[in-house]
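Scroll down for the structure; my scribbles are underneath it.
Protein chains in written order, with full-length UniProt numbering: chain B, 1 to 412; chain W, 1 to 90.
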């Protein structure tokens, strides 16, 4: 059986750099950092007091006033970015059988702020004072549910929660739904809003975050010697994935094709990556196999690259394992160097970045790359963007739990 | 609090929660038919009214409140009873 082809026809994002695709692309090329002191709540008691907040976010009028009140921040991000992606795709969903249209969104933790609010009310005022919206706002599938309601998407609809690889896995699952004929169009990607007292406190306790409070803009420094952890961020990256003939028939513009998804687990430790990156390596190989690529054909790899001590070394080792001598020729960059770690949304924003890099023929840099780490010795496109027409790209996402996902994206 | 103050306060809360303009709201306005509220909206609205006026509206009574006017009438009585109770305690 010939699998159907899946292409990207629309992209949208809100992230710590900007609240639209054009502004994000401008800032990615400029090598800007979106990381700054936190303002969402009082962080004076926390050891880490900075992160990647979405700034100047005004969900109205894209989301109406009443709906905004019924959605946690992560769902608002998802809907806002969906609006940009769907508008960009030019698709009129009303023209198609709604059962052929789907939505699969990733989120690591869902509506954490709403959970905290609801729990706060429970403790301070008792169970009878809890809002009827606590549950519908906090459930991680609130994003895919609300997107389906907004656009009338009645086909496959699920939510993937694999921590920091959620968005990538959501896109992989969407790709399969389209490849095997269960849907023609799926709104996919990820959304996250975990900069809350519990989210921040929990990641600090897990010893995962950078402590560079005095210099937030330089805190996310993937593959660099002085890195000391990742930077907690929030936002959404949403893509309209569409069957190729369906897109051609309506004259849609096509950014790139989604050709493969490698999905493996380390089966090793709940937070630490396997030292040799064996799961990550197999995910990359599997993505290339499915895409039908020789490993030495891959030109660019958008790394998971979170700026943690262990993670960046393990990913580098995995790349060397997979690509051998070709690893040195591969361009690798980390979007997280500029936007920080959007957890379950990161793969979505990074897929948006990959689509833009292929479209424009420019690779965005890994910023804050001052002192090389001897254990991370690949070409990380340090500090300045590079002109390069790439046609075969991998995007890595790995999550707590030991989940690994590598997506193969290529020009059509 | 005067009856008219209660009425204005109820209308403010309804407008804020259900995203409607004040000029669309009269005593006869039905939450479900005219404003498009659903069951969760009404649960939340009743809780908000309880909070604002410091009263309790039992579920069986809350279910009977269909219009803005009915809400205002119910609250007027509840507020008066509360004042009485409060006075008795004092």
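Note that the Cβ used here is the ideal one computed from N, Cα and C, for glycine as well. Only a predicted model underlies this, so the values are computations on that prediction, with no experimental measurement involved.
Thinking just about the alpha-carbon of each residue, which of the options is nearest to the one in residue i?
i: residue 47(W); options: 34(W), 36(W), 61(W) and 35(W); result: 61(W)
i: residue 359(B); options: 388(B), 185(B), 124(B) and 332(B); result: 388(B)
i: residue 397(B); options: 8(B), 344(B), 54(B) and 372(B); result: 344(B)
i: residue 155(B); options: 131(B), 142(B), 141(B) and 184(B); result: 184(B)
i: residue 162(B); options: 265(B), 245(B), 241(B) and 290(B); result: 265(B)
i: residue 341(B); options: 4(B), 195(B), 133(B) and 125(B); result: 195(B)
i: residue 373(B); options: 356(B), 307(B), 394(B) and 352(B); result: 307(B)
i: residue 21(B); options: 376(B), 216(B), 95(B) and 356(B); result: 356(B)
i: residue 219(B); options: 339(B), 55(B) and 350(B); result: 339(B)
i: residue 157(B); options: 101(B), 288(B), 241(B) and 311(B); result: 101(B)
i: residue 499(B); options: 330(B), 229(B) and 40(B); result: Because chain B is modelled from 1 through 412, residue 499(B) falls outside the range shown and cannot be assessed.
i: residue 41(W); options: 125(B), 133(B) and 79(B); result: 133(B)
i: residue 365(B); options: 200(B), 305(B), 176(B) and 267(B); result: 305(B)
i: residue 84(W); options: 28(W), 55(W), 4(W) and 73(W); result: 55(W)
i: residue 35(B); options: 312(B), 153(B) and 337(B); result: 337(B)
i: residue 300(B); options: 176(B), 43(B), 409(B) and 126(B); result: 409(B)
i: residue 67(B); options: 72(W), 14(W) and 18(W); result: 18(W)
i: residue 298(B); options: 130(B), 311(B) and 320(B); result: 320(B)
i: residue 35(W); options: 15(W), 74(W) and 76(W); result: 15(W)
i: residue 230(B); options: 242(B), 246(B), 213(B) and 238(B); result: 213(B)
i: residue 51(B); options: 62(B), 65(B), 259(B) and 15(B); result: 15(B)
i: residue 201(B); options: 49(B), 350(B), 125(B) and 386(B); result: 49(B)
State the start and end residues of the unbroken alpha helix (DSSP H) segment that holds residue i.
i: residue 300(B); result: Careful: residue 300(B) lies outside any alpha helix (DSSP H), inside the beta strand (DSSP E) at 300-302.
i: residue 203(B); result: 197-205
i: residue 146(B); result: 142-151
i: residue 6(W); result: 3-18
i: residue 284(B); result: 278-291
i: residue 349(B); result: 346-360
i: residue 98(W); result: This structure leaves residue 98(W) out entirely; chain W is present only between 1 and 90.
i: residue 171(B); result: 166-179
i: residue 64(W); result: Premise fails: residue 64(W) is in no alpha helix (DSSP H) and is neither H nor E.
i: residue 120(B); result: 112-125
i: residue 29(B); result: 21-30
i: residue 84(B); result: 73-89
i: residue 316(B); result: 309-323
What's the C-alpha gap between residue i and residue j?
i: residue 235(B); j: residue 114(B); result: 16 Å
i: residue 138(B); j: residue 112(B); result: 6 Å
i: residue 378(B); j: residue 223(B); result: 9 Å
i: residue 169(B); j: residue 69(W); result: 51 Å
i: residue 89(W); j: residue 8(W); result: Reliability of the predicted coordinates at residue 89(W) is poor, the pLDDT of 47 falling under 50, and the value obtained from them is presented with this limitation in mind. Spanning the two alpha carbons is a distance of roughly 29 Å.
i: residue 317(B); j: residue 210(B); result: 22 Å
i: residue 369(B); j: residue 227(B); result: 10 Å
i: residue 263(B); j: residue 118(B); result: 35 Å
i: residue 1(W); j: residue 271(B); result: 58 Å
i: residue 424(B); j: residue 83(B); result: Outside the shown range of chain B, which is 1 to 412, sits residue 424(B), and nothing can be said about it.
i: residue 244(B); j: residue 77(B); result: 27 Å
i: residue 2(B); j: residue 26(B); result: 39 Å
i: residue 173(B); j: residue 22(W); result: 46 Å
i: residue 402(B); j: residue 85(B); result: 30 Å
i: residue 302(B); j: residue 335(B); result: 7 Å
i: residue 149(B); j: residue 142(B); result: 10 Å
i: residue 309(B); j: residue 122(B); result: 39 Å
i: residue 291(B); j: residue 314(B); result: 24 Å
i: residue 323(B); j: residue 382(B); result: 20 Å
i: residue 27(W); j: residue 5(W); result: 14 Å
i: residue 294(B); j: residue 391(B); result: 13 Å
i: residue 45(W); j: residue 58(W); result: 13 Å
i: residue 384(B); j: residue 367(B); result: 7 Å
i: residue 178(B); j: residue 248(B); result: 15 Å
i: residue 98(B); j: residue 47(B); result: 49 Å
i: residue 405(B); j: residue 176(B); result: 14 Å
List the residues of chain W that residue i touches, going by C-beta distances under 8 Å, in chain order.
i: residue 131(B); result: 44 and 47
Just to make sure I have the definition right: I need the residues of chain B whose C-beta is within less than 7 Å of the C-beta of residue i. Which are they?
i: residue 78(W); result: In chain order: nothing, as chain B lies at least about 16 Å away.
i: residue 19(W); result: 64, 65 and 66
For the beta strand (DSSP E) that residue i lies in, which residues bound it at each end?
i: residue 403(B); result: 403-410
i: residue 135(B); result: Residue 135(B) -> not in any beta strand (DSSP E); alpha helix (DSSP H) instead, spanning 134-138.
i: residue 395(B); result: 392-399
i: residue 240(B); result: 235-243
i: residue 333(B); result: 331-333
i: residue 187(B); result: 185-192
i: residue 11(B); result: 6-14
i: residue 160(B); result: 157-160
Quiz item: Touch check for the stretch 56-71 of chain B and the stretch 87-103 of chain B: three-plus C-beta pairs under 8 Å?
Solution: no
Quiz prompt | Given 8 Å, three or more beta-carbon pairs between the stretch 31-43 of chain B and the stretch 268-281 of chain B | solution = no
Self-check item: contact_flag[the stretch 184-196 of chain B, the stretch 5-24 of chain W] where n(CB pairs < 8 Å) is 3 or more
Solution: no
Self-check item: Touch test, the stretch 250-264 of chain B against the stretch 9-19 of chain B, Cβ-Cβ under 8 Å, three pairs minimum
Solution: yes
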